[in-house]
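Numbering of the sequence shown is given in the numbering used here, commencing with residue 40 and proceeding in unit increments. Glycine residues also receive a C-beta, built at the ideal position from the N, C-alpha and C atoms.
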Amino acid sequence: MRARVSGEETFDELLNIVKANVLSIFEHQQLPFEEIVNSIVTEKSITYSPLFQVMFDYQESPLKKISFSDIEIKLLEQEINSAKFDLLFIIEDNFDSVVLSIEYDSDLFEIYTIRTLASMFENLMQGIKNNSKQKVSLLPIVSEVEKKKLITEWNSTATKYPSQIATSKLFERQVKKTPNKIAVKSDDDSIDYSKLNSRANQIANYLIKNGVNPNDKIAIYMDRSIDFIAVTIAILKVNAAYVPLDMAYPIDRIQYMLDDTHAKFVITENSLKPISDGFKASKIYLEEIEDQLLSENQNDLDIDVNAESVAYIIYTSGSTGNPKGVVVPHKAINRLVINTNYIDITETDKIAQAANTSFDAATFEIWGALLNGAELVIIKKDDVITPDILVSKIRENNISIMFLTTALFNQVVYEKPDAFKSLDTLLFGGEKVDTAMVKKIFKSFPPKRLLHVYGPTENT
């Protein structure tokens with residue numbers, strides 16, 4: 040007898056379904072059990088029941104049917120040392136109560152497991168008693184005390200982080216700690232923390248002189264580069280917010296983002312002029328203002344930036360219609376990469392900057408490196424999507440931490456299952472895990488840690 044349960048039924052409705060099923064099979068009650076077994080079971084064994092291994096048995100107490108005026112009758116409990124089934128639940132209906140007994144195969148179950156099952160059954164019965172008209176899927180199987188323990192006590196994973204300090208100020212603190220350490224490296228250049236900070240300060244001063252005010256939105260239409268990093272830092276230093284634009288997007292999509300954010304400027308580069316000239320927005324070409332930048336003050340700006348201020352706006356693809364902009368404050372960046380409970384980034388780490396700068400993974404890469412004194416290693420897009428070249432970049436640069444989309448992870452593992460063996464931590468996310476690819480990497484040469492993570496945008 041089978042009862043299909045979707046979880047949407049109330050307990051009362053489920054009870055009626057079971058009742059109807061039971062009544063419908065009474066017409067077959069004369070069919071011998073042996074015939075059922077012979078027609079269904081192909082392999083038989085004396086070690087287990089042929090049709091089922093879990094049984095539920097409802098019994099009325101024999102004491103209900105026996106009464107003596109002057110004699111008190113009690114049932115003696117008898118120790119049972121064998122089990123006919125893997126699990127046997129026996130409900131005994133007494134005069135004014137019901138008793139649950141569980142017989143179990145001790146080779147399969149520990150006593151703790153059985154006690155937990157009994158407790159869950161009791162909670163379920165209490166939930167039905169309280170409200171038999173709620174959906175079956177909503178009936179409780181854990182008590183409020185157990186729920187608190189599971190959700191609160193055992194899940195106390197929160198860690199402290201600088202929630203009151205702007206990301207740009209945290210970067211400046213890191214500069215003072217490691218001024219001469221390499222901050223960002225590309226194929227043909229590198230820059231230390233001190234020089235990167237000076238470059239960002241020059242850009243920030245230029246922006247202020249050209250009318251950028253707190254809370255303005257500044258779009259960035261640039262390929263991944265050291266200057267891209269400097270521009271993002273500069274924008275945060277002036278208490279504005281950056282809007283990274285995907286260079287693969289069509290002009291009308293980019294124009295929508297510019298209009299939607301009321302971007303004051305688009306910072307770009309001469310090589311992208313054929314496209315960026317089509318944007319209906321004020322543009323700043325870095326190469327054209329280089330002489331002015333070199334004359335700007337290199338010292339940190341005396342501007343108050345609040346951790347609640349908007350740091351950047353990132354656009355999702357949008358399942359329907361136009362892309363959706365997500366506003367992310369400074370403190371959310373800090374939470375993502377500082378004193379986390381999922382990864383420990385140190386000054387000895389080298390983090391790959393492999394993501395498209397308009398994708399949220401770039402937030403983890405860029406600020407995970409710069410706020411922890413690590414080195415950010417820029418890898419070109421074409422190199423990232425070519426497994427052989429990607430492997431060589433990882434090993435040439437001694438990269439220790441990398442974040443990939445699930446699709447790219449699957450592609451690289453399929454072609455080069457040993458690609459990530461030198462990494463300390465490989466994070467991937469954005470889509471459902473392909474367990475076949477995970478098994479493949481573990482059978483080959485996995486990194487020290489492999490983490491499947493949800494997107495930084497959803498978690499900030």
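For this session: Taking residue 324 as part of the beta strand (DSSP E), name the residues at either end of that continuous run.
Result: Residues 322 to 324.
For this session: Just grab the DSSP bridge partners of residue 132 for me.
Result: Beta-bridge pairing links residue 132 to 99 and 137.
For this session: Note the first and the last residue of the continuous beta strand (DSSP E) segment covering residue 472.
Result: Unbroken run through residue 472: none, as it is neither H nor E.
Problem set entry | Integer Cβ distance of residue 50 from residue 175, believed to fall under 8 angstroms | With 8 angstroms as the limit, residue 50 and residue 175 qualify as a contact, their Cβ atoms being about 6 angstroms apart.
Exercise. Is residue 320 closer than 8 angstroms to residue 297 when the C-beta atoms are compared?
Worked result: Between residue 297 and residue 320, the C-beta gap is smaller than 8 angstroms, which places the two residues in contact.
For this session: Could you tell me the distance, in whole angstroms, from the CA atom of residue 343 to the CA atom of residue 392?
Result: Between residue 343 and residue 392, the C-alpha separation is close to 29 angstroms.
Exercise. Which of the three DSSP states, helix, strand or coil, is assigned to residue 375?
Worked result: Judged by DSSP in its simplified three-state form, residue 375 adopts helix.
Exercise. Using 8 angstroms as the threshold, is the region 190 to 209 in touch with the region 372 to 383, meaning 3 or more CB pairs across them?
Worked result: As far as the Cβ criterion goes, the region 190 to 209 touches the region 372 to 383, which means the pair count is three or higher.
Problem set entry | Where the beta strand (DSSP E) containing residue 307 begins and where it ends | It spans 304 to 307 - the beta strand (DSSP E) in which residue 307 sits, taken as one unbroken run.
Problem set entry | Proximal residues to residue 221 (C-beta, below 6 angstroms), its chain only, five neighbours per side dropped | Around residue 221, the same chain offers 229, 231 and 414 as residues with beta carbons nearer than 6 angstroms, after the five sequence neighbours per side are excluded.
For this session: Please determine if the region 445 to 461 and the region 472 to 483 are in contact, where contact requires at least 3 C-beta pairs separated by less than 8 angstroms.
Result: Three or more pairs of CB atoms, one per stretch, sit closer than 8 angstroms, so the region 445 to 461 contacts the region 472 to 483.
For this session: Using alpha carbons as the reference points, say which of 402, 208 and 473 lies closest to residue 442.
Result: Nearest C-alpha to residue 442: 402.
Problem set entry | At least three beta-carbon pairs within less than 8 angstroms, the region 338 to 353 to the region 262 to 282 | Result yes; three or more Cβ-Cβ pairs closer than 8 angstroms.
Problem set entry | C-beta contact flag for residue 302 and residue 243 at 8 angstroms | Taking 8 angstroms as the Cβ cut-off, residue 302 and residue 243 do not qualify as a contacting pair.
Problem set entry | Exposure label - residue 255; buried when at least 16 CB within 10 Å | Its Cβ being crowded by 16 or more others within 10 Å, residue 255 is buried.
Problem set entry | residue 251 versus residue 279 - alpha carbon distance | Taking the straight line joining both Cα atoms gives about 8 angstroms.
Exercise. If we count the other Cβ atoms within 10 Å of its Cβ and call it buried at 16 or more, is residue 370 buried or exposed?
Worked result: With 16 or more other Cβ atoms from the protein chains shown falling within 10 Å of its own Cβ, residue 370 counts as buried.
For this session: Within the same chain, show all residues whose beta-carbon is closer than 6 angstroms to that of residue 489, passing over the 5 residues directly before and after it, in chain order.
Result: If you ignore the 5 residues before and after residue 489, its C-beta comes within less than 6 angstroms of the C-beta of 465, all in its own chain and listed in chain order.
For this session: Give the secondary structure of residue 212 by DSSP, where H, G and I count as helix, E and B as strand, and everything else as coil.
Result: Note: residue 212 maps to helix in three-state DSSP.
Exercise. From residue 235 to residue 226, what does the alpha carbon distance come to, in whole angstroms?
Worked result: In a straight line, the C-alpha of residue 235 is about 17 angstroms away from that of residue 226.
Exercise. Is the beta carbon of residue 373 sitting closer than 8 angstroms to the one on residue 209?
Worked result: The answer is yes: Cβ separation under 8 angstroms.
For this session: Please report the Cβ distance between residue 293 and residue 284, rounded to the nearest whole angstrom; I am assuming they are in contact, meaning their Cβ atoms lie under 8 angstroms.
Result: Yes, they are in contact, since the Cβ atoms of residue 293 and residue 284 sit about 5 angstroms apart, within 8 angstroms.
For this session: Would you mind giving the Cβ-Cβ distance between residue 326 and residue 241, rounded to the nearest angstrom? I have them listed as a contact below 8 angstroms.
Result: That belief does not hold up - the Cβ atoms of residue 326 and residue 241 are roughly 14 angstroms apart, past 8 angstroms.
Problem set entry | Spatial distance of residue 53 from residue 412 (CA atoms) | In a straight line, the C-alpha of residue 53 is about 60 angstroms away from that of residue 412.
For this session: From the DSSP output, read off the bridge partner residues of residue 427.
Result: DSSP, once it has assigned bridges, lists no residue as partnering residue 427.
For this session: Have a look at residue 113 and residue 145 and give me their C-alpha separation to the nearest angstrom.
Result: Computed Cα separation, rounded: 28 angstroms.
Exercise. Under 8 angstroms, do residue 409 and residue 213 count as touching if we go by C-beta distance?
Worked result: The criterion of a C-beta distance shorter than 8 angstroms is satisfied by residue 409 and residue 213.
Exercise. If you drop the 5 nearest sequence neighbours on each side, which residues of the same chain put their C-beta closer than 8 angstroms to that of residue 42?
Worked result: So the qualifying residues of the chain are 53, 56, 57 and 60.
For this session: Just tell me which of 295, 324, 305 and 405 has its CA closest to the CA of residue 360.
Result: Ranked by Cα distance from residue 360, the first of 295, 324, 305 and 405 is 295.
For this session: Using only alpha-carbon positions, find the residue among 364, 406, 63 and 400 that is nearest to residue 384.
Result: Out of 364, 406, 63 and 400, 406 has the C-alpha closest to the C-alpha of residue 384.
Exercise. Taking all protein chains shown into account, do 16 or more other C-beta atoms lie within 10 angstroms of the C-beta of residue 70, making it buried, or fewer, making it exposed?
Worked result: Answer is exposed; the Cβ neighbour count stays below 16.
Exercise. Does the Cβ of residue 490 lie closer than 7 angstroms to at least one heavy atom of the ligand HEM?
Worked result: As for the ligand HEM, it is missing from this structure, which has no ligand bound.
Exercise. In three-state terms, what does DSSP make of residue 154?
Worked result: The DSSP-derived three-state label of residue 154 is helix.
Exercise. Rounded to whole angstroms, how far is the Cβ of residue 306 from the Cβ of residue 261, which I believe are closer than 8 angstroms?
Worked result: That pair is a contact at about 7 angstroms.
Exercise. DSSP puts residue 142 in a beta bridge; with which residues?
Worked result: Answer is 127, bridged to residue 142.
Exercise. Helix, strand or coil: which one does DSSP assign to residue 409?
Worked result: Helix.
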